[in-house]
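Heads up: the protein sequence lines correspond to chains H and R, in order. In terms of my numbering, the first sequence opens at residue 1 and continues consecutively. In terms of my numbering, the second sequence opens at residue 1001 and continues consecutively. Let me begin by presenting the structure, written as C-alpha cells, before commenting on it.
2 protein chains.
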Amino acid sequence: MQFFSFYNKLQFSYFYGMQALLNRIQSTSALSPQTLTTFANAWQHWSVPKDYVLLKENTVSDYIYFVSKGVARIYYYKNGREITEWIAMEDTFLLSIISFFKRTPSKLIIHTVETSEIMGIHHDTLMELCNQHHEIERWLRKLVTSSLILSQYRMDSIQFEPAQQRYERLMEKNPSIIQRVPLSYIASFLGITQETLSRIRANR
Amino acid sequence: MQFFSFYNKLQFSYFYGMQALLNRIQSTSALSPQTLTTFANAWQHWSVPKDYVLLKENTVSDYIYFVSKGVARIYYYKNGREITEWIAMEDTFLLSIISFFKRTPSKLIIHTVETSEIMGIHHDTLMELCNQHHEIERWLRKLVTSSLILSQYRMDSIQFEPAQQRYERLMEKNPSIIQRVPLSYIASFLGITQETLSRIRANR
DNA sequence: ATGATTATTTGATAATAATCAAGTCAACCA
DNA sequence: TGGTTGACTTGATTATTATCAAATAATCAT
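So this is what it looks like as C-alpha cells:
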C-alpha cells in the first residue's frame, strides 16, 4: 500500500492521533500501563488525502481503523448504486466487519471523505496480541459488543422509524455531519434516496 | 424464578441438553478439557412449558440462554404491537443483547413458543469465568462477533430485500419454522405485517 | 361435538418512499 | 469569465406495503 505520508513516530499528527486512540481504547476497556504500551505500539499511522481508498472492493480487509482526524466512509454497490453503510467521524473506529473477521473478500469499500489522519491495526497483529494478552482480548470483546449494541439500535431505526425521524435523530446527535459529508452519502446511510432526503430537508 | 422442573443433573434432558450445548460451544471456539468442564458446570438447565416467560419486560436480563429442545422467541411492543426480534430454534443461543450487556431494564420479552429445554448461564457467573479464563473470554468474543456478523446480514436484508425474498430465504434456510411458529411471529420477524405475509404465501 | 377463542386470509384504501426525468445552483478550472 | 462538472432540488408517477375492516378457518376447552 502506497501511503502519502510514511509512518513516522516523530510527527505531530502521530502523537495527536495516538493520544486520541489511547483515550478511546481506555474508555472501551481499561488496560494496564504495560499492556497499553504494547498495544499502542501495534498501531500504525497514516496521513491520507481526501477520497483515498483504504479498502478496495473484493479484497480481504486486514485492518481495524481509527479516524483521529477527518472522516471516512464505508459503502458498497447494490444494483449499481452506492449504499453508505457507515460514516466514521473523528474519534471512532471503523472496519469491514464481515471481511475482517471472516477473512473473506469485502464487498465494502472504505475511503476518506476528507483529508484524514488514520490509525490502523493489522488483523494478524491484533489476533496475536489477543492471544498473548487477556486484557486485549477483553478489550476486543467489549469493542465488538458495543458494535453489536449499536447494530441492534440501528436495525430498529431502519425498520420502524420513518425517514424524517431518522434524519432528525442524526442531526441531533451529529449536526456537523451535513457540513462535512455529501447529502448523497447521508441519504443512503439513512436508508433513503437522495431525492427523499432533499424533500425531508425542504420539509415537504 | 419458579421453574417447572428443578435443576437436576441426573435427568436425561439435562445430559441431552448439555451435550448439544457443549457441541455448540466447541464449534464457536474450542476450549481445553479442563476449562470446558468448568464452563459446562456453570450452566443451569430448565424444563419449561409452552409460553413460559424467561425474561419479563422492564427487567434486567441476567442470562444467556441456549435452546436445547423447543423454540423460544424474543419480542417487544412497538406502538402497542408485538414485534418479533428473534426466533431461536433448537441448538441456538439467545439473549436480550442490550439489557444483558448494558445491565439496563429490557424492553424485550423472551418466552418459549413450545415446551422447551433451556440452558442458561448467569451474567455474573459468565463475567467471573471470563476474568478467570482467557479461553472463555475468547469464546465470548467469538460468540459476540458471530452475532454481530449475523446482525449485519440481517440489516442488509431488512433494508433492501423485498418482503417476498426475505420470506423465501427464511423458508429455504429454515423450512420447519412455519410448522412450529405462528405466522404473526414470523411476519414481524421478517419486518412485515401479518397481512402482507399472508398475501405473499398466497402469491398475490 | 359445540361454542368460544385465536389464527389466518381477503378486500379496499392510504401512506410512504422509490423511480424516472429535468431542472437549478454553485464550485472549479482552463 | 464562460463553460463544464458535480451536487442538490423539484415534479410527476409508480410500487410496495401498511392500515383498517371484515370474513373464514383452525384450535381449544368443556
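Note that the Cβ used here is the ideal one computed from N, Cα and C, for glycine as well. These figures come from a predicted structure and were not determined experimentally.
Applying the 10 Å Cβ sphere with the 16-neighbour rule, what's the burial state of G80/H?
exposed
Put W1139/R into one of helix, strand or coil per three-state DSSP.
helix
Can you give, in chain order, each stretch of the beta strand (DSSP E) that sits fully within the region 1099-1155 of chain R and has at least 3 residues?
1109-1112, 1116-1122
Give me the Cα-Cα distance between Y16/H and E85/H, rounded to the nearest whole angstrom.
27 Å
Counting along the chain, where does the beta strand (DSSP E) carrying I87/H start and finish?
81-88
Within 8 Å of any Cβ in chain R, is that where the Cβ of H111/H sits?
Not one chain R Cβ lies under 8 Å of H111/H.
Helix, strand or coil for S68/H per DSSP?
strand
Would you decide whether M1/H is buried or exposed? Buried here means 16 or more other CB atoms lie within 10 Å of its CB.
Here M1/H scores only 45 on pLDDT, less than 50, and its place in the model should not be relied on; the value that follows carries that caveat. With fewer than 16 Cβ atoms within 10 Å of its Cβ, M1/H is classed as exposed.
Say whether chain R places a C-beta atom closer than 8 Å to the C-beta of V144/H.
Look at V144/H: its C-beta is under 8 Å from a C-beta on chain R.
Would E114/H count as contacting chain R if we go by Cβ distances under 8 Å?
no
Determine, using beta carbons only, whether M155/H comes closer than 8 Å to chain R.
yes
Sub-8 Å separation of L1143/R and F1100/R beta-carbons:
no
Buried or exposed: which applies to R166/H, given that a residue is buried once 16 or more other Cβ atoms fall within 10 Å of its Cβ?
By the 10 Å Cβ count, R166/H comes out buried.
Spatial distance of V1060/R from P162/H (CA atoms)
29 Å
Could you pull the start and end residues of the alpha helix (DSSP H) that S1032/R belongs to?
Here S1032/R belongs to no alpha helix (DSSP H), and DSSP marks it neither H nor E.
Would you mind giving the Cβ-Cβ distance between S68/H and E117/H, rounded to the nearest angstrom? I have them listed as a contact below 8 Å.
The Cβ separation is near 5 Å, so the contact holds.
For chain R, check one thing: does any of its Cβ atoms lie closer than 8 Å to the Cβ of H134/H?
yes
Relative to the C-alpha of K102/H, which candidate in K1078/R, S1147/R, N1174/R, S1096/R has its C-alpha closest?
S1147/R
Looking at the unbroken alpha helix (DSSP H) that takes in S96/H, where does it start and where does it end?
Taken as a continuous stretch (DSSP letters only), S96/H belongs to no alpha helix (DSSP H), as it is neither H nor E.
Alpha carbons only, please: which of R1154/R, D1062/R, E1090/R is nearest the one belonging to D1124/R?
D1062/R
From H122/H to Q1179/R, what does the alpha carbon distance come to, in whole angstroms?
Spanning the two alpha carbons is a distance of roughly 46 Å.
In terms of residue numbering, what span does the alpha helix (DSSP H) encompassing Q1194/R cover?
1194-1202
Suppose you measure from the CA of P105/H to the CA of Q1159/R; what does that come to, to the nearest Å?
22 Å
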